[in-house]
Amino acid sequence: DGGITQSPKYLFRKEGQNVTLSCEQNLNHDAMYWYRQDPGQGLRLIYYSQIVNDFQKGDIAEGYSVSREKKESFPLTVTSAQKNPTAFYLCASSISGYEQYFGPGTRLTVT
Amino acid sequence: SQELEQSPQSLIVQEGKNLTINCTSSKTLYGLYWYKQKYGEGLIFLMMLQKGGEEKSHEKITAKLDEKKQQSSLHITASQPSHAGIYLCGADAQVINDKIIFGKGTRLHILP
Chain A
100 DGGITQSPKY
110 LFRKEGQNVT
120 LSCEQNLNHD
130 AMYWYRQDPG
140 QGLRLIYYSQ
150 IVNDFQKGDI
160 AEGYSVSREK
170 KESFPLTVTS
180 AQKNPTAFYL
190 CASSISGYEQ
200 YFGPGTRLTV
210 T
Chain B
75 SQELEQSPQS
85 LIVQEGKNLT
95 INCTSSKTLY
105 GLYWYKQKYG
115 EGLIFLMMLQ
125 KGGEEKSHEK
135 ITAKLDEKKQ
145 QSSLHITASQ
155 PSHAGIYLCG
165 ADAQVINDKI
175 IFGKGTRLHI
185 LP
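Taken in sequence, the protein lines are chains A and B. One rule links them: number in this note's numbering = place in the first sequence (from 1) + 99. One rule links them: number in this note's numbering = place in the second sequence (from 1) + 74.
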C-alpha cells in the first residue's frame, strides 16, 4: 500500500533536548513538507523540499532543521532553540502542482 | 500575503440536516483544496478546484469555486455522524508554486 508514515505517533521529551521526527513516503512524490498544527491556528509550514538534497524554509522555520538525502525520507529535527515545541506535527508529500497527501501526524510534548 | 478565512469556526448540526462551510481568500485563488481531519489524525484530501465556477462532488459533499475565484463553499447534504471532524481549505500561494496556505479550519459536530 502506498502512503506516508510518520513515527512515532506520540513523543515526549525534556526541555533542552533535540528530537527528530520521522517521515517516509512510498508514493514516489518529489515534494515533501512539514507543518505544525496548534489549536485554533490551522497548519503552518515549517520546511518544504521539492527535490532531493534541496529544501526551503517555510513560515516558521526557526528552531527546526531538516534533511532530504533520499526521495522517500524527510526527517524533521526540533532543536532546543524552538521556544514552544509542543505541538502536532504533520508531514505531507505531493507531485509538484497537485494536492498534498498527509501522514497521520506526530504529537510532540516537551516538558 | 494571501490569507484564507473560514466560516463558521464551529458548527453543530442535527444528523440529516444540510450545512455549508465557506472559505474566502484575500487574493485570487489559483487552486483551492478541501481537506477533512479527524481530531489527532492527518488530513484527508477531499477535492481540488481550479476554474472559476467549477463544482465537484464526492458522495454527499459538494464544493464550489465562485467565478471570481476568491471564495469557495463546501456543502454537505443529509449530514451523517461520519461527516464530523475539522474541514480545512487550502490554496496555492502562487500560480506556480508547491506551497499551500491553509485556513484555520471549521470544526463540525453532528448530533444524533
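Virtual Cβ for every residue (Gly too), placed ideally from N, Cα, C. The model shown is predicted, which means the values in this text are computed figures rather than measured ones.
For A:Ser193, the beta-bridge partners assigned by DSSP are A:Ala130. Residue state for B:Ser156 is assigned as helix, using DSSP reduced to three classes.
In this model, A:Lys170 and A:Ala130 are separated by some 8 Å (Cα to Cα). B:Asp172 sits buried, since 16 or more C-beta atoms from the chains shown fall within 10 Å of its C-beta. Listed in chain order, the beta strand (DSSP E) elements of length 3 or more contained wholly in the region 145-178 of chain A are 153-156, 163-165, 175-177.
Here A:Arg135 is not near A:Tyr200, since their CB atoms are 8 Å or more apart.
Interface criterion met: the Cβ of B:Glu115 is under 8 Å from a Cβ in chain A.
Within its own chain, the residues whose Cβ lies closer than 8 Å to the Cβ of A:Asn117, once the five positions on either side in sequence are excluded, are Thr176, Val177, Thr178, Ser179, listed in chain order.
Straight-line spacing of the CA atoms in B:Asp140 and B:Ile95 works out to 14 Å. Under the three-pair Cβ rule at 8 Å, the region 141-158 of chain B counts as touching the region 98-110 of chain B. Membership of B:Ala137 in the beta strand (DSSP E) is indicated by the continuous run 135-139. Bounds of the beta strand (DSSP E) holding A:Glu123 are 118-124.
In the three-state scheme derived from DSSP, where H, G and I count as helix and E and B as strand, B:Ser100 is classed as coil. Here A:Gly196 is exposed: its Cβ has fewer than 16 other Cβ atoms, across all protein chains shown, within 10 Å. Shown here for A:Ile150: same chain residues with a beta carbon closer than 7 Å to its own, the five before and five after excluded, namely Asp129 in chain order.
Counting along the chain, B:Gln145 sits inside the beta strand (DSSP E) bounded by residues 145-150. Our two residues, B:Ser84 and B:Ile184, have alpha carbons roughly 11 Å apart in a direct line. Interface annotation, B:Asp172: in contact with chain A, CB-CB separation under 8 Å. Proximity of B:Lys178 to chain A, defined by a Cβ-Cβ separation below 8 Å, is satisfied. Residues of the region 173-203 of chain A that bring their beta carbon within less than 9 Å of a beta carbon in chain B comprise Phe187, Leu189, Cys190, Ala191, Ser193, Ser195, Gly196, Tyr197, Glu198, Gln199, Tyr200, Phe201, Gly202, Pro203, in sequence order. Listed in chain order, the non-local C-beta contacts of A:Thr208 below 8 Å within the same chain comprise Tyr109, Leu110, Phe111, Arg112, Thr185, local neighbours out to five positions each way being set aside. Going by beta carbons, B:Thr180 and B:Ile160 fall inside the 8 Å limit.
The alpha-carbon separation between B:Ser153 and A:Glu168 amounts to approximately 45 Å. Within 9 Å of the CB of B:Leu162, the CB atoms of chain A belong to Gly141, Leu142, in sequence order along the chain.
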